[in-house]
Each structure stands twice: as C-alpha cells, then as structure tokens.
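Residue numbering for the sequence shown is 6 to 212, as defined by my numbering. Note that the Cβ used here is the ideal one computed from N, Cα and C, for glycine as well. Bear in mind the structure is a predicted one, so any value in this text is a computation, not a measurement.
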Amino acid sequence: RSALTWLVAHDRAAEAIDIGWRLVFFWIIRGRAAEGLRWYEQILNLPSLPLTVESTALVGAGAMAYSLGEIEHARTALARARALACDTGDMAIVATAENLLGRVEQSLGHVDAAREQYTHSFERYRALGLAWGVGNALTGMATVHLATGDATSAERLVDEAISVLRPVAPWFLALALNVRATLAVRRKDADEAIAIVRESLTLIRGL
C-alpha cells in the first residue's frame with residue numbers, strides 16, 4: 006500500500022499497474038475488491054496514461070466492479086479495455102476482458118452474447134498457451150450450456166476445463182468443480198455432488 010501510494014503520488018503509472026495487476030486475484034480471493042477498485046481508479050486518474058497501462062487498469066477495475074455486483078460499471082470498463090488492448094496488440098488483456106465480459110453478459114441474461122465472449126476468449130487463450138485462461142473460458146462456456154439446458158455439452162466442457170485446470174490453477178479449478186457439482190445435483194446424484202463440493206472447499210480453504 007505504501008509503495009502504491011508513493012507511485013500514484015509521483016505519477017508512476019507503469020510501476021503502479023505492475024503491482025496492481027499482480028494483486029488482482031489476491032484482492033478478489035481475499036474479499037478486498039473494493040480496495041482493489043480504488044487503486045485501479047487512482048491509477049486511471051493519472052495523467053498521460055500509456056494505452057497498455059490504461060487497458061490493464063480497466064480490466065482490473067472491471068473485475069473488481071463485477072465482483073462487487075456493479076455490473077454496468079464492469080461492462081463499460083471491460084469493453085473499453087478490450088478496444089484499447091486490441092489497438093496495442095495485447096492479446097492476453099483482450100482475452101481476459103472478453104472472459105470477464107462473458108460473465109457480465111451472462112449475469113444480465115444475455116446468453117448468446119456470453120457464449121460469444123467466452124468462445125473468443127477461449128480461442129485467444131489457447132493461441133497464447135495460457136492454460137489457466139483456457140480452463141476458465143471452458144468453464145464459462147459450460148455455464149452457458151447449463152443455463153440453456155444442454156447438460157451434455159456442459160458436462161463435456163467442464164470435464165475438459167477440470168483436466169486443464171487441475172495441475173495449474175486451483176482457484177479456477179474450484180469454480181469449475183462447482184459447475185460439476187451443480188450438474189451432479191441436476192442428475193440427482195447427491196453423493197457425487199457432495200464429494201465434488203468437498204474437493205472444491207478444500208481448494209478454497211487452501212487458498
């Protein structure tokens with residue numbers, strides 16, 4: 006916090022976002038999204054921001070806003086971030102913005118738009134070789150199929166997500182397991198659902 010305060014006070018936006026971006030998952034996992042949002046907004050208010058800094062800070066702000074239930078705020082920030090990152094060629098930021106936009110659109114009930122965002126995100130993450138992103142996008146795609154009643158496709162996608170995420174990303178694995186448990190409940194398989202939720206809870210406690 007002291008470092009971020011000093012960097013923001015001295016208009017050192019690049020170094021500030023380097024720290025801020027590395028804290029994005031910490032702030033969400035530890036329930037500090039409101040603090041994270043304040044830091045990203047402070048960075049965004051600095052003068053003469055490089056586009057790479059602005060796009061990254063906007064994705065961070067969008068993630069925090071979504072976590073806090075500020076859906077339209079998140080949607081605006083993420084759409085702007087995606088546009089800027091496309092201009093700069095930062096495909097990792099584009100993919101992350103699209104994945105989060107999938108969640109935003111789905112929360113608004115726009116399943117077709119959500120499917121499109123998740124699909125684009127999946128393709129970009131796969132091209133970049135980012136396994137955690139591939140698995141996360143697959144989980145998002147599974148939730149869309151679950152919402153539209155296609156349990157078979159949802160199971161196939163979430164199983165693929167779990168296989169990708171298990172060795173690399175316990176946080177996103179926990180989310181994928183939650184979808185798998187929901188599918189087990191839909192099949193009325195209580196034992197499987199409980200076992201999966203216990204595994205997910207173990208991962209979350211570890212984090």
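*asked:* Here's the rule: buried if 16 or more other CB atoms are within 10 angstroms of the residue's CB, otherwise exposed. What is residue 134?
replied: By one-based count along the sequence shown, residue 134 stands at place 129. Answer is exposed; the Cβ neighbour count stays below 16.
*Just the Cα atoms here: how many angstroms apart are residue 154 and residue 92?*
As a position in the sequence shown, residue 154 is number 149, starting the count at 1. As a position in the sequence shown, residue 92 is number 87, starting the count at 1. Roughly 37 Å between the two C-alpha positions.
*Euclidean distance between Cα positions of residue 44 and residue 58*: To locate residue 44, count along the sequence shown from 1; it is residue 39. To locate residue 58, count along the sequence shown from 1; it is residue 53. Between residue 44 and residue 58, the C-alpha separation is close to 13 Å.
*Return the CA-CA distance between residue 122 and residue 194, expressed in angstroms with no decimal places.*
Locating residue 122 in the sequence shown gives position 117, where the first residue counts as 1. Locating residue 194 in the sequence shown gives position 189, where the first residue counts as 1. Those two C-alpha atoms are separated by around 31 Å.
*Is the beta carbon of residue 18 sitting closer than 8 Å to the one on residue 73?*
Along the sequence shown, read from residue 1 onward, the residue named residue 18 stands at position 13. Along the sequence shown, read from residue 1 onward, the residue named residue 73 stands at position 68. No, they are not a contact pair.
*When the Cα atoms are used, what is the spatial distance from residue 69 to residue 79?*
Within the sequence shown, the letter at position 64 stands for residue 69. Within the sequence shown, the letter at position 74 stands for residue 79. Roughly 8 Å between the two C-alpha positions.
*For residue 181, count neighbouring C-beta atoms within 10 Å of its own C-beta (all shown protein chains included) and say buried if the count is 16 or more, exposed if not.*
Stepping through the sequence shown from its first residue, residue 181 is reached at position 176. By the 10 Å Cβ count, residue 181 comes out buried.
_Cβ shell of residue 175 (< 7 Å), same chain only, five flanking positions each side left out_ = Mapped onto the sequence shown, residue 175 falls at position 170. Here residue 175 has 208, 211 and 212 as same chain residues with Cβ atoms under 7 Å from its own Cβ, once five neighbours each way along the sequence are excluded.
_residue 114 - DSSP class collapsed to helix/strand/coil_ = Along the sequence shown, read from residue 1 onward, the residue named residue 114 stands at position 109. The three-state secondary structure of residue 114, taken from DSSP, is coil.
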